[in-house]
Structures are given as structure tokens and as C-alpha cells.
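Visitor: Have a look at this one.
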Amino acid sequence: MPSENILQQMALNYYRLGWSIIPLQPKNKKPAVPSWESYQKSRAAEEQIKRWWEGDSSFNIGIVTGAISGIVVLDIDGDEGKASVKSLSLPATPVAETGKGWHYYFKHPGGQVPNAVGLLPHVDLRGDGGYVVAPPSIHPSGRQYRWVDGLSPDDVDFAPLPDWVLERLGNRPRVAREVLAEPIPEGWRNATLTSIAGSLRARGADEATILATLRSVNQERCQPPLPDDEVVGITRSVSSYAVTENLSDLGNAKRLVSLHGQDLRYCHPWKRWLVWDGTRWKVDGTAEVIRRAKNTVQQIYAEASREQEGDRRKALAKHALKSEAEARIEAMVGLAASEPGIPVLPEDLDRDPWLLNVMNGTLDLRTGELSPFSAVGGGSIRNSLWPFFTWLRLRWSIFTDQKPELLQGSV
179 MPSENILQQM ALNYYRLGWS IIPLQPKNKK PAVPSWESYQ KSRAAEEQIK RWWEGDSSFN
239 IGIVTGAISG IVVLDIDGDE GKASVKSLSL PATPVAETGK GWHYYFKHPG GQVPNAVGLL
299 PHVDLRGDGG YVVAPPSIHP SGRQYRWVDG LSPDDVDFAP LPDWVLERLG NRPRVAREVL
359 AEPIPEGWRN ATLTSIAGSL RARGADEATI LATLRSVNQE RCQPPLPDDE VVGITRSVSS
419 YAVTENLSDL GNAKRLVSLH GQDLRYCHPW KRWLVWDGTR WKVDGTAEVI RRAKNTVQQI
479 YAEASREQEG DRRKALAKHA LKSEAEARIE AMVGLAASEP GIPVLPEDLD RDPWLLNVMN
539 GTLDLRTGEL SPFSAVGGGS IRNSLWPFFT WLRLRWSIFT DQKPELLQGS V
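The opening position of the sequence shown corresponds to residue 179 in our numbering, with each subsequent residue numbered one higher.
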């Protein structure tokens with residue numbers, strides 16, 4: 179254990195490096211202050227830091243990453259993470275040993291650097307809106323975080339973020355690549371943000387990463403943005419869920435929704451699954467939802483391979499094998515139909531009769547404006563294969579009718 183004053187002393191040393199400091203619960207990674215998010219924008223004063231550790235000298239030390247501190251941190255978890263970066267270039271830069279892996283500290287490159295879960299297998303990036311646990315804090319396992327010999331901030335300068343990291347930031351999973359590019363209309367904001375948060379949590383994202391992502395989506399895509407306290411509430415609610423679900427049919431259903439829920443809806447009046455095909459919601463006539471369920475079972479095997487605790491790993495592998503049974507897959511799919519964000523009513527589809535899907539986008543019949551396809555906000559279940567130029571030739575005759583619902587149903 180660090181001596182009574184060493185944690186406070188190191189927290190103050192980090193403050194003098196220009197870093198934003200927060201206290202974390204003893205032997206834990208969770209913030210010890212209720213609103214740590216404010217320290218993403220302004221640093222706590224030196225006197226405040228002293229008071230925190232005078233109140234509890236065993237607090238762990240948290241460093242808020244991003245522009246506020248001028249650093250980003252590559253979080254390499256366990257032997258799997260070390261194997262992921264083995265063949266990649268990692269320059270000399272401050273490095274801390276964590277419970278099972280490493281934290282590589284890099285100079286913030288400027289602009290907005292997002293938190294990134296799964297940059298590589300078992301490798302995450304803590305950027306703007308994130309935080310890391312700093313030496314000499316105590317890991318929940320009892321191990322002490324410490325700077326690698328010769329690679330502390332006193333020994334080496336902070337290296338620039340490697341090019342391969344910057345390249346991978348442009349190749350994020352679907353939740354960050356496609357969903358973030360779609361406008362989210364009023365009435366769908368809370369459900370969509372909750373779905374995104376659930377997907378991130380299923381991939382192992384912590385509360386800081388989820389909050390930073392949701393704030394970005396909220397400001398850039400929600401029309402209008404939700405109040406920040408509602409975004410924080412969604413984050414805290416989803417972050418309270420276990421990263422791994424129960425070994426049950428319901429747990430499998432939640433896994434299916436976390437992994438594939440962005441592309442799936444169930445219409446209870448129709449008793450049919452709908453699948454987003456990239457341009458529209460389409461009745462699933464080819465058992466796509468079953469294929470997604472089979473993929474979910476394969477992900478349980480992957481979950482088992484990542485598990486460090488032996489008994490849990492064996493239980494996961496055993497559960498994955500049982501989940502291959504037809505009855506278990508049907509149960510997974512059946513229970514998923516009522517999970518939050520999945521049920522949809524017929525009137526939720528094609529809600530706006532002035533919007534028509536064409537081959538290369540969604541056309542607003544009132545203005546002639548062509549927008550990207552969007553799975554949120556109801557979307558469309560009809561699809562025309564007209565290219566946009568055909569519409570331009572016919573727009574005058576269409577507008578004289580003033581009955582777009584008839585046009586949409588006929589093409």
C-alpha cells in the first residue's frame with residue numbers, strides 16, 4: 179500500500195504537470211466525486227486536490243485524458259492486448275503498468291480525439307472525455323499501478339500519437355461509423371442513445387467512454403439535443419449493467435440486441451421481424467435474425483476466450499455449447515422481440531408521407547432534397563429503385579397531384 183501521503187503527493191505532482199485530476203474510490207476505478215465530468219472542461223484547483231486526499235488518503239488517482247490534460251492514453255489490457263500491439267510501432271513515451279497490462283501516454287494531437295473501445299483486440303484509447311487510473315493507485319486485484327523503469331514522465335518526453343492509431347480511429351465499428359452519421363429526430367432520441375450506449379457497454383466500454391460518445395452523438399445528431407443531465411442519466415443507467423450478461427436465454431437475448439439491435443426491429447401486430455438492409459427496414463424473409471442469433475452464440479465463445487477467471491471461462495464455454503441448440507436460439511430470438519428499442523408499430527414506419535426512398539437516398543417530395551438513408555426515426559419499409567434523375571424529370575407532374583402517399587405506395 180502507498181503511504182498515507184504519497185497518493186496526495188503524486189496527485190499534486192500530476193496537477194503540476196498540467197493534468198486534470200479527480201479522486202477515485204479506494205482500490206477501484208470509479209470516480210469518488212458525483213460530477214467528475216466538470217473536470218473535463220476545467221481543472222480542479224490545487225487546494226481542492228489537497229482537500230480530497232485529506233478527506234480520504236486512500237483515494238486512487240484519476241487523470242482526465244484529452245485536451246484538458248494534453249494527453250491521450252493507449253490502454254493495453256492483458257496478454258491479449260500485448261499480443262495485439264506486438265508487431266506495431268510504439269515509441270518511447272511514459273508507460274505505466276496496470277493490473278494486467280500497460281498504459282501508454284501520448285501527447286494530445288489537437289482537435290477532438292474520441293475514446294475508442296476495441297481499437298484492436300483488448301486495446302482501447304482514452305481521449306477527450308475519458309480518464310485513466312494513475313500510479314501509485316491500487317488496482318482492484320491488489321496490484322499497484324507503477325511507472326515502468328526509465329519510462330516515467332520524469333524520464334522521457336510524451337511521444338506523438340502513432341500514425342497507426344490515428345488511422346484506426348477512422349475505422350470504428352458500426353455504432354460509431356454509421357449511427358453517428360444519422361440525424362436522430364425528437365421522439366427517438368432517448369431510445370437511440372440508450373441503444374448506442376448498450377452496444378458500447380456490450381463491447382466493454384466504461385462509463386467515461388460511453389458518456390463521451392453519447393455527448394458527441396447528442397450534440398451532433400439529436401434534433402434538438404437532449405438536456406445533458408438526461409444523457410448522463412442514460413449513461414449511468416447503462417453503465418450499471420454487467421459487461422457480461424447472465425448465462426440464460428434472457429442473457430442471450432440481451433447479447434443479441436447489444437450486438438445486432440441497430441439492424442433489427444420486431445413488429446408485434448405483424449408478428450414479423452424487420453431487418454435494416456442499409457436503405458430501408460425490410461420484412462425478414464430469409465431468416466436473417468436467426469443468422470444474427472447464431473453469430474451471437476459465436477460471440478459467447480469469444481467472450482469465454484477473453485475471460486481471465488477459470489471457473490467463469492468454463493461456464494461461458496459450456497453455456498455457448500448449449501446455446502447452439504435450436505430451442506435455445508428460438509428462445510433468444512423470441513425474448514429479444516420485447517427488449518427496449520426493438521418493438522416497432524406499423525405506424526412508426528413511413529410516418530412522413532412526403533419522404534420516399536429512391537435508389538440513392540431518401541427524397542423529400544416537398545423540396546426535392548435528397549438525404550442519406552437513415553435507420554432511426556422510423557425509416558421506411560417501402561423502396562423505389564428510381565434513380566434521382568428520374569424524379570427530376572417527373573417532379574412537376576408529381577407536385578400537381580399533392581398526394582404523396584399514393585405515389586409512395588405505387589412505386
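Ideal Cβ placement from N, Cα and C applies to all residues, glycine included.
If A514 and I520 are in contact, beta carbons under 8 Å, what's the gap, nearest whole angstrom?
Guide: Indexing the sequence shown from 1 puts residue 514 at position 336. Indexing the sequence shown from 1 puts residue 520 at position 342. Indeed they touch by this definition, with Cβ atoms about 6 Å apart.
Visitor: By how many angstroms is the C-alpha of R458 removed from the C-alpha of R304?
Guide: Working through the sequence shown from its first residue, we reach residue 304 at position 126. Working through the sequence shown from its first residue, we reach residue 458 at position 280. Their Cα atoms are separated by approximately 35 Å.
Visitor: In or out: A222 buried (at least 16 other Cβ within 10 Å) or exposed?
Guide: The residue labelled residue 222 in the question sits at position 44 within the sequence shown. When all chains shown are included, A222 counts as buried.
Visitor: Are the segment 280-288 and the segment 246-265 touching by the rule of at least three beta carbon pairs closer than 8 Å?
Guide: The segment 280-288 vs the segment 246-265: in contact.
Visitor: Okay, do the segment 254-263 and the segment 282-300 touch, 3+ Cβ pairs below 8 Å being the bar?
Guide: Yes: at least three Cβ pairs fall under 8 Å.
Visitor: Starting from the Cα of P272, find the closest Cα among S373, I316, G240 and W325 and give me that residue.
Guide: Translated into the one-based positions of the sequence shown, residue 272 becomes position 94. Nearest option by C-alpha distance: W325.
Visitor: Using a Cβ-Cβ cut-off of 6 Å (strictly less than) and excluding sequence neighbours within five positions of K207, which residues of its own chain qualify?
Guide: The count along the sequence shown starts at 1 and reaches residue 207 at position 29. Result list for K207: V311, in chain order.
Visitor: Identify whether A509 lies in helix, strand or coil by the three-state DSSP scheme.
Guide: Within the sequence shown, numbered from 1, the residue matching residue 509 stands at position 331. Correct three-state label for A509: helix.
Visitor: Classify P275 as helix, strand or coil using the three-state DSSP reduction.
Guide: Taking the first residue of the sequence shown as position 1, residue 275 is located at position 97. According to the sequence as given, residue 275 is Glu; it is not Pro. In the structure shown, E275 sits in a strand (DSSP, three-state: E or B).
Visitor: Hey, out of V453, A509, Q476 and W231, whose CA is closest to A465's CA?
Guide: One-based indexing of the sequence shown puts residue 465 at position 287. Residue V453 is the option with its Cα nearest to A465.
Visitor: Could you tell me the alpha carbon to alpha carbon distance between E232 and Q186, rounded to whole angstroms?
Guide: Taking the first residue of the sequence shown as 1, we reach residue 232 at position 54. Taking the first residue of the sequence shown as 1, we reach residue 186 at position 8. When rounded, the distance between both Cα atoms is 8 Å.
Visitor: For the beta strand (DSSP E) that contains A294, what are its first and last residues?
Guide: Position 116 of the sequence shown, counted from the first residue, corresponds to residue 294. Element bounds for A294: A294 to L298.
Visitor: Using 8 Å as the threshold, is the segment 187-202 in touch with the segment 210-221, meaning 3 or more CB pairs across them?
Guide: Judged by Cβ distances under 8 Å, the segment 187-202 makes contact with the segment 210-221, as three or more pairs qualify.
Visitor: Would the segment 362-381 count as touching the segment 400-407 if we require 3 or more Cβ pairs under 8 Å?
Guide: Verdict: yes, contact present.
Visitor: Just confirm the distance between the C-beta atoms of S247 and G196, as a whole number of angstroms; I'd bet it's less than 8 Å.
Guide: Start at 1 with the first residue of the sequence shown, and residue 247 comes out as number 69. Start at 1 with the first residue of the sequence shown, and residue 196 comes out as number 18. Confirmed, Cβ separation roughly 7 Å.
Visitor: Of all Cβ atoms in chain C, is any one closer than 7 Å to the Cβ of A471?
Guide: Annotation note: the requested chain C is absent from the structure, which comprises a single protein chain.
Visitor: Taking only the alpha-carbon atoms, compute the straight-line gap between R416 and I184 and give it to the nearest angstrom.
Guide: Within the sequence shown, numbered from 1, the residue matching residue 416 stands at position 238. Within the sequence shown, numbered from 1, the residue matching residue 184 stands at position 6. Just to set this straight, residue 416 is Val in the shown sequence, not Arg. One C-alpha to the other measures close to 35 Å.
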